[in-house]
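Every position in the sequence shown, counted from 1, becomes a number in our numbering once 3 is added. For each residue, glycine too, the CB sits at the ideal point set by N, CA and C. Bear in mind the structure is a predicted one, so any value in this text is a computation, not a measurement.
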Amino acid sequence: MADKNMVQVRLILPESYRRLFKAYCTEIGTDMSKEVAQMIEEKLIKAGKLQHTVGKSQ
Numbered sequence: 004m005a006d007k008n009m010v011q012v013r014l015i016l017p018e019s020y021r022r023l024f025k026a027y028c029t030e031i032g033t034d035m036s037k038e039v040a041q042m043i044e045e046k047l048i049k050a051g052k053l054q055h056t057v058g059k060s061q
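Structure, rendered in C-alpha cells:
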C-alpha cells in the first residue's frame with residue numbers, strides 16, 4: 004500500500020461472514036485489516052483508479 008496514513012473504517016456485514024473471514028485470515032497467517040486493505044487495493048488497481056506500487060509491502 005502506497006499511503007501509510009491509515010484510517011479506521013466500519014464495515015457492516017453478517018456475523019457469519021465476519022467469523023469465516025477471521026478464520027480464513029488466521030489460516031493464511033494475516034490479519035483482517037491487512038487482507039481487506041489488499042482486496043480494496045486490488046479492486047482500485049483493476050478499476051484503473053490506482054497504479055501498481057513498486058516493492059509492494061505484504
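Taken through DSSP and simplified to helix, strand or coil, R21 comes out as helix. In this structure, the alpha-carbon of I15 lies about 20 Å from that of T29. Judged by DSSP secondary structure, Q41 falls within the alpha helix (DSSP H) whose first and last residues are 35 to 49. In this structure, DSSP gives I31 a helical state, which the three-state scheme calls helix. M35 places its beta carbon less than 8 Å from that of K25.
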